[in-house]
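K.L.:
Residue numbers for the sequence shown follow the numbering used here, beginning at 1 and rising by one. For glycine and all other residues, C-beta sits at the position ideal for the given N, C-alpha and C. Okay, here's the structure, questions in a sec.
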Amino acid sequence: MNDRNPGMALAPDWFEAVAVNRSAAERRAGQIGPRRSVKKDHQAAWLVHAIRCMDLTTLAGDDTAERVARLCGKARQPIRPDIQAALGLADERITTAAVCVYPTMVASAVAALEGSGIPVASVATGFPAGLMPLPLRLAEIRYAVDQGAEEIDIVITREHALRGHWSALYDEVAAMREACGAAHLKTILATGELGTLTTVYAASMVAMQAGADFIKTSTGKETENATLPVALVMLRAIRDYGARSGHTVGFKPAGGIRTAKEATAWLSLIREELGREAMEPDRFRFGASSLLADIERQLQHHVTGRYSARSHHPVA
């Protein structure tokens with residue numbers, strides 16, 4: 001992970017005068033795929049990099065310790081050994097960036113990942129809706145950290161953002177940051193429920209001012225999850241915050257990113273907006289559950305010229 005974002009005092013003047021033009025954001029985002037397609041050997045390298053930026057995730061009601069252990073096994077060896085060797089990467093250590101689970105599954109994930117160096121991330125604060133009393137939400141963070149989570153993905157109270165109650169949102173995120181202790185804080189904005197891109201920009205800025213180490217698009221449970229126009233607005237907020245504060249904040253899209261082609265479009269957007277250094281796992285993550293299977297299929301096609309059945313690429 002990158003150095004912590006220490007946050008700062010709430011500064012509404014950094015965002016209250018900003019009005020985002022949705023049409024312009026959609027037009028700019030629409031240029032990413034067609035203009036920056038990645039081909040052949042470069043595509044394989046980008047897909048391997050996407051794996052290294054992945055928070056491999058299971059957030060299902062029927063999660064078990066056994067399922068989490070299988071997921072952790074996949075995080076340790078995300079590419080089939082024969083495919084990895086054919087790519088000329090047999091001696092490379094390739095893992096996902098983290099494994100993301102519910103708080104009660106953290107201990108199982110920590111045990112399954114022992115010795116791997118792969119951190120465990122936990123959702124918390126009443127994920128996905130966040131509609132719990134604040135003391136309980138903070139207690140859930142502390143529980144996850146006590147269980148061994150090194151990264152915490154929290155959800156904001158959407159009402160604060162929708163009503164423009166920026167002080168309330170700031171205080172909430174700042175309290176969650178404090179509860180995290182040494183664990184890194186990823187703040188989920190649930191952008192599909194915030195109404196306007198202007199609100200997305202403001203909520204992004206408030207979360208960063210309150211000390212978020214990452215800002216994240218979605219829980220994956222909303223009707224509308226990660227989209228490139230929303231990401232563009234959040235990335236501009238990250239860039240503006242960095243220019244004014246001198247601090248770096250990471251970005252995590254989550255929800256609906258299922259194909260290798262989509263992954264390369266996201267990486268292209270990051271590179272164009274924030275530069276090559278912002279594509280590293282300490283500053284960029286994919287929240288993903290089904291994405292890995294498609295990436296592995298595309299890598300097999302790259303080395304063999306054919307696709308295998310999905311059953312040849314097991315996931316938890």
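#1: Excluding five sequence neighbours on each side, which residues of the same chain lie with their C-beta closer than 6 angstroms to the C-beta of arginine 137?
#2: Between which two residues does the beta strand (DSSP E) harbouring cysteine 100 extend?
#3: For arginine 177 and leucine 197, what's the separation of their Cα atoms in angstroms?
#4: At a cut of 8 angstroms, does the segment 23 to 31 reach the segment 68 to 79 through at least three beta carbon pairs?
#5: In chain order, what are the residue ranges of uninterrupted alpha helix (DSSP H) at least 4 long that sit wholly in the segment 165 to 200?
#6: Please look up how many angstroms separate the CB atoms of alanine 263 and alanine 50, rounded, as I've assumed it's under 8 angstroms.
#7: Does the beta-carbon of tryptophan 14 have 16 or more other beta-carbons within 10 angstroms, so that it is buried, or is it exposed?
#8: Mind the definition here: the segment 140 to 149 touches the segment 101 to 120 only if three or more C-beta pairs lie below 8 angstroms; say whether that holds.
#9: What does DSSP give as the partner residues of isoleucine 317 in its beta bridges?
#10: Taking 8 angstroms as the cut-off, does the segment 239 to 246 touch the segment 172 to 186 (at least 3 CB pairs, one atom from each stretch)?
#11: Tell me the rounded alpha-carbon separation between arginine 52 and alanine 210.
#12: For glutamate 66 and valine 120, what's the separation of their Cα atoms in angstroms?
#13: Is it true that the segment 88 to 95 meets the segment 127 to 135, where meeting means three or more beta-carbon pairs spaced less than 8 angstroms apart?
#14: Quick one: any contact between the segment 157 to 173 and the segment 231 to 239, if contact means 3 or more CB pairs under 8 angstroms?
#15: Leaving out the 5 sequence neighbours to the left and right, which residues in its chain are closer than 7 angstroms to glutamine 298 when beta-carbon positions are compared?
#16: On the criterion of 16 or more Cβ atoms from any shown chain inside 10 Å, does glycine 7 qualify as buried, or is it exposed?
#17: Does the distance from the CB of alanine 288 to the CB of threonine 58 come in under 8 angstroms?
#18: Secondary structure at isoleucine 295, three-state DSSP: helix, strand or coil?
#19: Could you give the first and the last residue of the continuous beta strand (DSSP E) run that contains isoleucine 79?
#20: Using DSSP's beta-bridge definition, name the partner residues of valine 123.
#21: Determine the direct distance from the alpha carbon of aspartate 55 to that of cysteine 319, and round the result to whole angstroms.
#22: To which residues does DSSP link methionine 54 through a beta bridge?
#23: Restricting to Cα atoms, I'd like to know which of Ala174, Gly275, Ile215 is closest to alanine 190.
#24: Would you call proline 34 buried or exposed, if buried means 16 or more other Cβ atoms sit within 10 Å of its Cβ?
#25: Out of Ser308, Arg239, Val18, Val249, which has the shortest C-alpha to C-alpha gap to glutamate 272?
#26: Quick check: alanine 254 and asparagine 225, are their CB atoms within less than 8 angstroms of each other?
#27: What are the residues that DSSP puts in a beta bridge with phenylalanine 214?
#28: Do you know offhand how far methionine 1's Cα is from alanine 112's?
#29: CB arginine 258 to CB leucine 291, shorter than 8 angstroms?
#30: Beta-carbon separation of isoleucine 156 and threonine 187 under 8 angstroms?
P.N.:
To lay it out plainly:
#1: Excluding positions up to five away in sequence, the list reads Thr125, Gly126.
#2: 98 to 101
#3: 25 angstroms
#4: no
#5: 166 to 180
#6: Their Cβ separation, rounded to whole angstroms, is 4 angstroms, which keeps alanine 263 and alanine 50 in contact under 8 angstroms.
#7: buried
#8: yes
#9: With the chain covering only 1 through 316, there is no way to say anything about residue 317.
#10: no
#11: 28 angstroms
#12: 16 angstroms
#13: no
#14: no
#15: Leu47, Ala260
#16: buried
#17: no
#18: The answer is helix: DSSP assigns isoleucine 295 an H, G or I state.
#19: Run containing isoleucine 79: none; DSSP gives neither H nor E here.
#20: Asp153
#21: The structure shown has nothing for residue 319, since the chain only spans 1 to 316.
#22: Answer is Phe286, bridged to methionine 54.
#23: Ile215
#24: Confidence at proline 34 is low in this model, with a pLDDT of 47, below 50, so its placement is unreliable and no value can be given for it.
#25: Arg239
#26: yes
#27: Lys186, Gly250
#28: It is roughly 21 angstroms from the alpha-carbon of methionine 1 to the alpha-carbon of alanine 112.
#29: yes
#30: yes
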